[in-house]
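A.B. asks: Residue numbers (the numbering used here), protein chains in the order written: chain A, 88 to 486; chain B, 17 to 258; chain C, 50 to 188.
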Amino acid sequence: MPVDGFMYPNEIELQWSVLIVVYPFITGLVAGAFILASLERIFHVAAVKPTYRLALLTALAFLLVAPLPLQLHLGHPERSLEMYLTPHKTSAMAMFGFVYLWYLMAVILLEIWLDYRHEIVLFSQSTTGWKRLLYRALSLGSSNISEGSLRVDDRVGWVVTLIGIPSAFLLHGYVGFIFGSVKANPWWSSPLMPVVFIFSAMVSGISIVLLIYMAAMKLRRQSIDMRCVDTIAQYLLYTFIIDFALEMLDLIHRIYEADESFRSLDFMLHTQLFFSQVVLQIVLGTVIPILTIGFIQIFDVPEKLRRMAYAVCGCLTIVGIFAMRWNVVIGGQLFSKSFLGYTTYKLDLISREGELVAAALLILPFIILAVLVKILPPWTESQAGFVREPSVCELGKEA
Amino acid sequence: MITRRKLLMLLPAAAMAWEYVAAGTPEISPNYSRPEHWWGMLVDIDKCIGCGNCVRACAAENSVPDGYFRTWVERYHVAGWQQETPQVDSPNGGKNGFPPSKAVGGKNFFVPKMCNHCEDSPCTQVCPVGATFRSIDGVVLVDEKYCLGCRYCIQACPYGCRFLHPAKHTAEKCSLCYHRITKGLTTACCESCPTGARQLADLKNPKDPIHEYLKTHSVQVLKPHLATGAKVYYHDLDGSVR
Amino acid sequence: MLVVFLLVRAQFVPKSFGQFGHYRGDALNELASKPISFAGHQTCEECHSDVLEVKKAGKHAGVNCEACHGPLAKHAEDPGSVVPQLPDTAVLCARCHEENIAKPKAFPQVVSAEHSGGVVCKTCHQPHSPLLQPGDKKS
């Protein structure tokens, strides 16, 4: 028996597997990457412009994979249409179908289309064979690329991004609420949960775009725009500080109030979750990146070292945020609701919800991204970086 | 934009849905008027002898798979004055009774557990599609033809009474033997309890002895601080019971 | 697009959904129509009134038939062809009456090894009225 102490008989087997860890991790990356993109579009942080299109494509690649872990987890995936047909208004999970569809169609796809429409039309005219057909289809029949039409693209795109920010918060925040609203589980139940999820999502999304940008530049043998990555790292730091503060607040509050669940949760944290929570999530995944990037803000660090530091911190952050999802989802099921015992999570290698499937789901978005980048290049051949057409507001300002 | 993936996911779901639209309406049970009943249960801790009859009977009546429990019995040992750290065991849910205890002294008793058919049930609140619900007669039920197997309800139940059926891949739990109580029979667990520790109660029936009982005995529910409106009333439930 | 969605919805949502609440109304009757395994003591007593007479005067008055004899709805439906197996008292009685610290003190319980030294319970006790009367077989 893998049980230590006492557990209600039906609690011994975990219900939500590693796939349910992968799902919020992926939607978190989507939301975070989108927020990074919106930094440039809405808040005019010009320095991060080189990553704008890449961030959007990254968000799309991960968004397309997001429903897969859920479908693989369901006992009856063929019935998932029911979520659209008879959504139960009191269930946060029922929101998924609609929020996902909204975010996919009305935000990500629309924004990418608007931003790339100019190039798509040009490609549809300049390429041949199946590529020509592809771009013709993507253009959705439009062929007007006059100054006026591009200005309209820009304006509408700006509105879409603006709507996209709260939509991104909703896409990932509702996942936090799914956990945070379960009064039966004291590890999950907290009003802070949606907020913690959103900020950790932003941290992971910013990191993944940073890493993909640096890797892409290395692969294309082009120089990394240091002003860009320095700025991204700054925003990463700010977001991290808020995220860390929230998590510490939760921890301190729990320790101070020490309610009926505390002793049991505390023990779990010092034993089963010690490596994933204290070592991976807190020390390696949060404290070290904060201290490193913080150090870089205060002291002059040479470019090469900064690049290395950003790459390492980016990787640590990604691992740390995955660990955070693991600690929430799996951690919340390792202890008994009687607070008298613990069980263990048996992660299979080869099964519908096993390690290999989880790994495949995490790799798949990168493959999709590689395809997207080929179809919709986020960079122009003549320039070293990725540039979007300057927005009307900026043109106006320069004049 | 309809992608091929979406269409592939849609078609089998559509076929599934069509199946029960075409099936027609099942027979209605005669003489039973749902709005006239509000079901609950009374469990008397003083009478439970931990024989496990209820667990076995429930498994037989409802084809409960091995290793999963629609009802189970826990044995408590409370040493001294500590209320927060009882020693509890439930070997195979108490299905084969309990082996002799190694405990010495203290307070020892059995606690049968099951779905509490809560009035403000947190499990029905979270179901994304309406596959689990509280019926008009107060029984929390699972529609196994509609359940997606997302397991949110299992997470939301504070009492650990739900599980995922390993073959049907849908959520399952005590149905208060709905197929029996709607025919004037009692539940399988109550029928087989030799001491009367478990008794079905109809809170809307003025003739049900529960009303007099509630007026004259001290009763408790599990985890009252969660305000679930649990309708399984325990008599003499010790404060150490989790 | 909304129109398409509503049309699809009308087609695929089960007809009885929403009849009584946010669930498939037909589910209530489906659940109510599941097969029964335990007949219930009233059914047993219709035929076995002789046993009832003995039982209701004894200590097992409150113990229903199927608590010991197991689920017998099939036998009640077809008493001729479905003949139940008598339970083995060596196993059956111990389930309730083997001593355990968690059982209520007033409940009759024994340490069977000391009590009967391995002799099967039915040797001395009549299961339907188990309390030994003066003159009953005792070793």
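The C-beta atom is built at its ideal place from N, Cα and C for all residues, glycine as well.
Can the beta-carbon of T373/A be found less than 7 Å from the beta-carbon of F331/A?
C.D. replies: Position 286 of the first sequence, counting from 1, holds the residue named residue 373/A. Position 244 of the first sequence, counting from 1, holds the residue named residue 331/A. Result yes, Cβ atoms of T373/A and F331/A sit closer than 7 Å.
A.B. asks: Can you pull the chain A neighbours of F66/C, defined as C-beta to C-beta under 9 Å?
C.D. replies: What you label residue 66/C is simply residue 17 of the third sequence in a count that begins at 1. What F66/C touches in chain A, judged by beta-carbon distance under 9 Å, is L172, T173, going in chain order.
A.B. asks: Could you check where the alpha helix (DSSP H) with K218/A kicks off and where it finishes?
C.D. replies: The sequence position of residue 218/A within the first sequence is 131, counting from 1. Per DSSP, the continuous alpha helix (DSSP H) segment holding K218/A begins and ends at 216-225.
A.B. asks: If you draw a straight line from the alpha carbon of K461/A to that of F362/A, how long is it in whole angstroms?
C.D. replies: Counting from 1 along the first sequence, the entry for residue 461/A is found at position 374. Counting from 1 along the first sequence, the entry for residue 362/A is found at position 275. Roughly 40 Å separates the two Cα atoms.
A.B. asks: Considering only the beta carbon of each residue, do V296/A and T145/A sit closer than 7 Å?
C.D. replies: If you number the first sequence from 1, residue 296/A lands on position 209. If you number the first sequence from 1, residue 145/A lands on position 58. Yes. Within cutoff.
A.B. asks: Could you check the C-alpha separation between S117/B and V282/A for me, to the nearest Å?
C.D. replies: Your numbering for residue 117/B matches position 101 in the second sequence. Your numbering for residue 282/A matches position 195 in the first sequence. Their backbone Cα atoms lie some 48 Å apart in a straight line.
A.B. asks: Answer with yes or no whether the minimum CB distance from G66/B to chain C is below 7 Å.
C.D. replies: Here residue 66/B corresponds to residue number 50 of the second sequence, with the count starting at 1. It does; some Cβ of chain C falls within 7 Å.
A.B. asks: Among residues of its own chain, excluding the 5 on either side of E234/A, which ones have a beta-carbon nearer than 6 Å to its beta-carbon?
C.D. replies: Here residue 234/A refers to the residue found at position 147 when the first sequence is read from its first residue. Once the five neighbours on either side are set aside, E234/A has no close Cβ partner at all.
A.B. asks: Compile a chain-ordered list of the residues in the segment 120-140 of chain B whose CB is closer than 7 Å to at least one CB of chain C.
C.D. replies: N124, F125, F126
A.B. asks: Compare the C-alpha of C11/B against each of L242/B, L192/B, G200/B, Y84/B and name the closest.
C.D. replies: In the structure as shown, chain B starts at 17 and stops at 258, and residue 11/B therefore has no counterpart that could be examined.
A.B. asks: When burial is assigned at 16 or more other CB atoms within 10 Å of the CB, is M301/A buried or exposed?
C.D. replies: On the first sequence, position 214 is the one that residue 301/A refers to. By the neighbour-count rule (16 or more Cβ atoms within 10 Å), M301/A is buried.
A.B. asks: What would DSSP say about P124/C, mapped onto helix, strand or coil?
C.D. replies: Stepping through the third sequence from its first residue, residue 124/C is reached at position 75. Going by the sequence as given, residue 124/C is His instead of Pro. Reduced to three states, the DSSP call for H124/C is helix.
A.B. asks: Of the choices F126/B, A147/B, G109/B, whose alpha-carbon is the least far from that of K63/B?
C.D. replies: The residue given as residue 63/B occupies position 47 in the second sequence. Of the listed residues, the one whose Cα sits closest to K63/B is F126/B.
A.B. asks: Taking buried to mean at least 16 other C-beta atoms within 10 Å of its own C-beta, is Q368/A buried or exposed?
C.D. replies: Here residue 368/A refers to the residue found at position 281 of the first sequence. Per the 10 Å Cβ criterion, buried.
A.B. asks: DSSP three-state label for Y261/A, please.
C.D. replies: For this step, residue 261/A is matched to residue 174 along the first sequence. In the structure shown, Y261/A sits in a helix (DSSP, three-state: H, G or I).
A.B. asks: What span of residues does the alpha helix (DSSP H) with N78/B cover, start to end?
C.D. replies: As a working note, residue 78/B is residue 62 in the second sequence. First-last of the alpha helix (DSSP H) with N78/B: 69-78.
A.B. asks: Report yes if the CB atom of A179/A is closer than 7 Å to the CB atom of Y261/A, and no otherwise.
C.D. replies: Residue numbering aside, residue 179/A sits at position 92 when the first sequence is read from its first letter. Residue numbering aside, residue 261/A sits at position 174 when the first sequence is read from its first letter. Result yes, Cβ atoms of A179/A and Y261/A sit closer than 7 Å.
A.B. asks: Within the same chain, show all residues whose beta-carbon is closer than 7 Å to that of Q68/C, passing over the 5 residues directly before and after it, in chain order.
C.D. replies: Locating residue 68/C in the third sequence gives position 19, where the first residue counts as 1. Excluding residues within five positions, the ones whose Cβ falls inside 7 Å are G74.
A.B. asks: I need the DSSP call for H53/B, collapsed to helix, strand or coil.
C.D. replies: Residue mapping note: residue 53/B aligns to position 37 of the second sequence, counting from 1. In this structure, H53/B counts as coil in the three-state DSSP scheme.
A.B. asks: Across which residues does DSSP place E115/C in a beta bridge pair?
C.D. replies: The residue given as residue 115/C occupies position 66 in the third sequence. None, per the DSSP bridge assignment.
A.B. asks: For V103/C, which residues from the same chain have a beta carbon less than 7 Å from its beta carbon, with the 5 sequence-adjacent residues on both sides left out?
C.D. replies: For the purposes of this step, residue 103/C is identified with residue 54 of the third sequence, where counting begins at 1. Within the same chain, V103/C has close Cβ partners H177, S178.
A.B. asks: Are the Cβ atoms of I207/A and Y222/A separated by less than 7 Å?
C.D. replies: Counting from one through the first sequence, the residue named residue 207/A turns up at place 120. Counting from one through the first sequence, the residue named residue 222/A turns up at place 135. Yes, the Cβ-Cβ distance between I207/A and Y222/A is below 7 Å.
A.B. asks: Would you kindly report the start and end of the unbroken beta strand (DSSP E) that includes F125/B?
C.D. replies: By one-based count along the second sequence, residue 125/B stands at place 109. Segment 123-130, the beta strand (DSSP E) holding F125/B.
A.B. asks: Below 8 Å on the Cβ atoms is my contact criterion, and I expect K247/B with E52/B to pass it. Report the Cβ-Cβ distance as a whole number of Å.
C.D. replies: Locating residue 247/B in the second sequence gives position 231, counting from the first residue. Locating residue 52/B in the second sequence gives position 36, counting from the first residue. Not really, about 16 Å apart at Cβ, beyond 8 Å.
A.B. asks: Is the segment 91-108 of chain A close to the segment 159-179 of chain B, with three or more CB pairs under 8 Å?
C.D. replies: yes
A.B. asks: Below 8 Å on the Cβ atoms is my contact criterion, and I expect V155/B with Y194/B to pass it. Report the Cβ-Cβ distance as a whole number of Å.
C.D. replies: Your numbering for residue 155/B matches position 139 in the second sequence. Your numbering for residue 194/B matches position 178 in the second sequence. Going by Cβ atoms, the distance from V155/B to Y194/B rounds to 6 Å, so yes, they are a contact pair.
A.B. asks: Under 8 Å Cβ-Cβ, which residues of chain A neighbour H71/C?
C.D. replies: Stepping through the third sequence from its first residue, residue 71/C is reached at position 22. The answer, in chain order, is T173, H175, K176.
A.B. asks: Return the CA-CA distance between E228/B and H163/A, expressed in angstroms with no decimal places.
C.D. replies: Here residue 228/B is taken as the residue at index 212 of the second sequence, counted from 1. Here residue 163/A is taken as the residue at index 76 of the first sequence, counted from 1. Roughly 46 Å separates the two Cα atoms.
A.B. asks: So, at 7 Å on beta carbons, what are the nonlocal neighbours of P465/A in its own chain, with the 5 sequence-adjacent residues on each side left out?
C.D. replies: The count along the first sequence starts at 1 and reaches residue 465/A at position 378. Correct list, in chain order: R140, L141, L144, F473.
A.B. asks: Using DSSP bridges, identify the partner residues of T87/B.
C.D. replies: Position 71 of the second sequence, counting from 1, holds the residue named residue 87/B. Answer is M130/B, bridged to T87/B.
A.B. asks: For the ligand MN, is there any heavy atom lying closer than 6 Å to the beta carbon of R412/A?
C.D. replies: The ligand MN is absent from the structure shown, which contains no ligands of any kind.
A.B. asks: Taking only the alpha-carbon atoms, compute the straight-line gap between G184/A and N78/B and give it to the nearest angstrom.
C.D. replies: Residue numbering aside, residue 184/A sits at position 97 when the first sequence is read from its first letter. Residue numbering aside, residue 78/B sits at position 62 when the second sequence is read from its first letter. Inter-residue distance for G184/A and N78/B is about 34 Å (C-alpha atoms, whole angstroms).
A.B. asks: Residues in the same chain with beta-carbon distance under 7 Å from L456/A, minus the five sequence neighbours each way, listed in chain order, please.
C.D. replies: For the purposes of this step, residue 456/A is taken as residue 369 along the first sequence, with counting starting at 1. Closer than 7 Å at the Cβ level, and outside the excluded window around L456/A, lie L144, T145, A148.
A.B. asks: Check A183/B in the structure and name its three-state DSSP category.
C.D. replies: For the purposes of this step, residue 183/B is identified with residue 167 of the second sequence, where counting begins at 1. Looking at A183/B - three-state DSSP - the assignment turns out to be coil, as it is neither helix nor strand.
A.B. asks: In chain order, which continuous runs of the beta strand (DSSP E) of length 3 or greater are located wholly inside the segment 207-244 of chain B?
C.D. replies: Within the segment 207-244 of chain B, the runs of beta strand (DSSP E) at least 3 residues long that lie entirely inside it are, in chain order, 214-218.
A.B. asks: Around the Cβ of T202/B, are there at least 16 other Cβ atoms within 10 angstroms (buried) or fewer (exposed)?
C.D. replies: Position 186 of the second sequence, counted from the first residue, corresponds to residue 202/B. So T202/B counts as buried.
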